[in-house]
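Residue numbers (the numbering used here): 1389 to 1974. Glycine is no exception: its CB is placed at the ideal position from the N, C-alpha and C atoms. Have a look at the structure below, then the notes.
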């Protein structure tokens, strides 16, 4: 993509500053603009501001992002189906809404009340389209729209049964939402192979309408699901947090094409993280393209970077936008929710002397590797940065503790949490490192922390198991049936003694934690989409109090570079195409 900003030159004239990874197609497009010139010292192109119309025309076939604009990577391709084409009255027989302004004061047909008119429009879009990418922003209630649409379609007889495929950590969250928003009957497909296959067998004839399963279960039990569908049992499939299936070469990316569902729905707040070509597998699933992955990349992608295999830009943008916008509905939180104030605060820290010493040693080792002509970048160059991020996080990640304080971040965190909790507020804390999650949970034990990471068991208990255990222990059977992760979420939201939650990246999706009003990043994810998704655990429908996001980083380290790139709303991986760029980041 081409990144632009309006700047005042030394000649006191306004200019367009345009930067991009080297690409002959980009260069030729900019050269066609009169009076454009390349400024070698700035490694950027300069175009007189009065030539903006010509610049826009010349670069019309490419993605151009203006700095400081309010957008996320997914906004590159627009908002999809025009919202004004969707009625704010439900399109299904027996359904109606009465409004006072945009506020819903009465309704019929729906089991639960929609939050605002945009959710009614979302239900209409799902009912009216056999394939839809529902790409609403985090916290806008995509699950309500899907569940309500499925219930409406079952009432008309358009569909009888189908699948919701989600991350294993969210299976019981979906079961809870279905019970909350509808009268639909659903079952979670979990347990060993025999138990799962029995559930499939019974699903063909029982009164359950939705089979909820993980992506891994879908892949492993695909043959059994295909046999089930021979009896035309499976009318629809909804993919939740669907970026799991973006890769057409992955096992799950291939498996979604194996069953010809009549209705196909994609639910994701981040339809793509880096560039719109990542949407290929969904467009293929929905029947919008007949291209294979190679043909699609050649048609719409500009390739470069390592071995000329990385997508560094997009061409034929108007054609691609038209294809995507015919099947996607995307609304943004800032346009739809009357949310309270959100404040972002940077916390810049100076590493301890021991951290500085270790950082210098590891940085020296990396620089020596990069300067070696024989050195080749690893297939995942982010691992280079993680070695340094481990130092800024805590020396405990590199060796056994050698001193009372191995992390300036953890020390600062302890003081900040004390201040927050003394005001009667709660906080969620993110780190990409499992060891830091465990360390912080140990340091904050006095606050009864909820802990959520990728290793938490998400299978929960069956109803019979839960009932038996509830009789013995006096615990709530419904709570026992929820996943361990959901139990931690419930504890954070309802238990006054649980004042903090410590999460890895596995906790940034699908969890509602509105009891918290502070989100603290000890380190940062690699993309802005993941960053926004993380703090949206507390900044979503139902949040009534001001929210503060705290960004911890160590001064003069890779932390600041990663933060700056993420805040530019790009992926860190975009900046790591060669050794020179990596050296500049550390």
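Query                                                                                                                 : Result
Residues bridged to residue 1393 (per DSSP)                                                                           : 1405
Extent of the continuous beta strand (DSSP E) to which residue 1495 belongs                                           : 1491–1496
Beta-bridge partners of residue 1435, as assigned by DSSP                                                             : 1404
Environment of residue 1911 [buried if 16+ CB atoms lie within 10 Å]                                                  : buried
Inter-residue spacing [alpha-carbon to alpha-carbon] between residue 1970 and residue 1944                            : For residue 1970, the predicted structure reports a pLDDT of 43, less than 50, and the residue's modelled location is therefore unreliable. A value from the coordinates is still provided. Each residue's Cα considered, the two are about 15 Å apart.
Cβ separation of residue 1689 and residue 1411, assumed to be a contact under 8 Å, to the nearest whole Å             : That belief does not hold up - the Cβ atoms of residue 1689 and residue 1411 are roughly 11 Å apart, past 8 Å.
Local Cβ density within 10 Å of residue 1582, reported as buried at 16 or more and exposed below that                 : exposed
Straight-line gap, residue 1847 to residue 1872 (C-alpha atoms, nearest Å)                                            : Summary for residue 1847: the model assigns pLDDT 46, below 50, so the residue's position carries little reliability; its value from the coordinates is reported in the next sentence. The alpha-carbon atoms of residue 1847 and residue 1872 are separated by roughly 8 Å.
For residue 1551, the residue or residues it bridges with in DSSP                                                     : 1599, 1625
Sequence-distant residues of its chain with Cβ nearer than 7 Å to residue 1566 (five each side left out)              : 1535, 1572, 1574, 1598
Residue 1652 in three-state terms, based on DSSP                                                                      : strand
Separation of residue 1754 from residue 1809, as counted between CA atoms                                             : 41 Å
Which of helix, strand or coil DSSP assigns to residue 1731                                                           : strand
Alpha helix (DSSP H) segments (min. 4 residues) lying fully within the segment 1870–1903                              : 1872–1882
Nearest neighbour of residue 1426, chosen from 1439, 1405, 1413, 1441 [CA to CA]                                      : 1405
DSSP-derived helix/strand/coil call for residue 1726                                                                  : coil
Straight-line Cα distance separating residue 1671 from residue 1712                                                   : 8 Å
Span of the alpha helix (DSSP H), counted from its first residue to its last, around residue 1525                     : Premise fails: residue 1525 is in no alpha helix (DSSP H) and is neither H nor E.
From 1601, 1649, 1636, residue whose alpha carbon lies closest to that of residue 1621                                : 1649
Extent of the continuous alpha helix (DSSP H) to which residue 1640 belongs                                           : 1639–1643
Close Cβ partners of residue 1394 (< 7 Å) along its chain, the five nearest in sequence each way excluded             : 1402, 1404, 1437
Residue 1894 versus residue 1421: straight-line alpha-carbon distance, rounded                                        : 46 Å
Rounded straight-line distance, which links the Cα of residue 1951 to that of residue 1511                            : 37 Å
Exposed unless 16 or more other CB atoms sit within 10 angstroms - verdict on residue 1734                            : exposed
Anticipated Cβ contact below 8 Å, residue 1487 with residue 1505, distance rounded                                    : 7 Å
Residue 1736, DSSP secondary structure in three states                                                                : strand
Buried versus exposed call for residue 1398 [16 or more other C-beta atoms within 10 Å across all chains shown]       : exposed
Burial state of residue 1719, where buried means 16 or more other Cβ atoms lie within 10 Å                            : buried
Sufficient close CB pairs (3 or more, under 8 Å) joining the segment 1919–1932 to the segment 1660–1668               : no
Residue range of the unbroken alpha helix (DSSP H) whose run includes residue 1683                                    : 1681–1688
Other residues of its chain near residue 1859: CB distance less than 6 Å, five sequence neighbours each side excluded : none
Which residues DSSP lists as bridging residue 1717, in chain order                                                    : 1468, 1522
Residue 1591 versus residue 1837 - alpha carbon distance                                                              : 39 Å
Burial state of residue 1469 (16 or more Cβ within 10 Å)                                                              : buried
Three-way DSSP call (helix, strand, coil) for residue 1660 in this model                                              : coil
Spatial distance of residue 1828 from residue 1424 (CA atoms)                                                         : 53 Å
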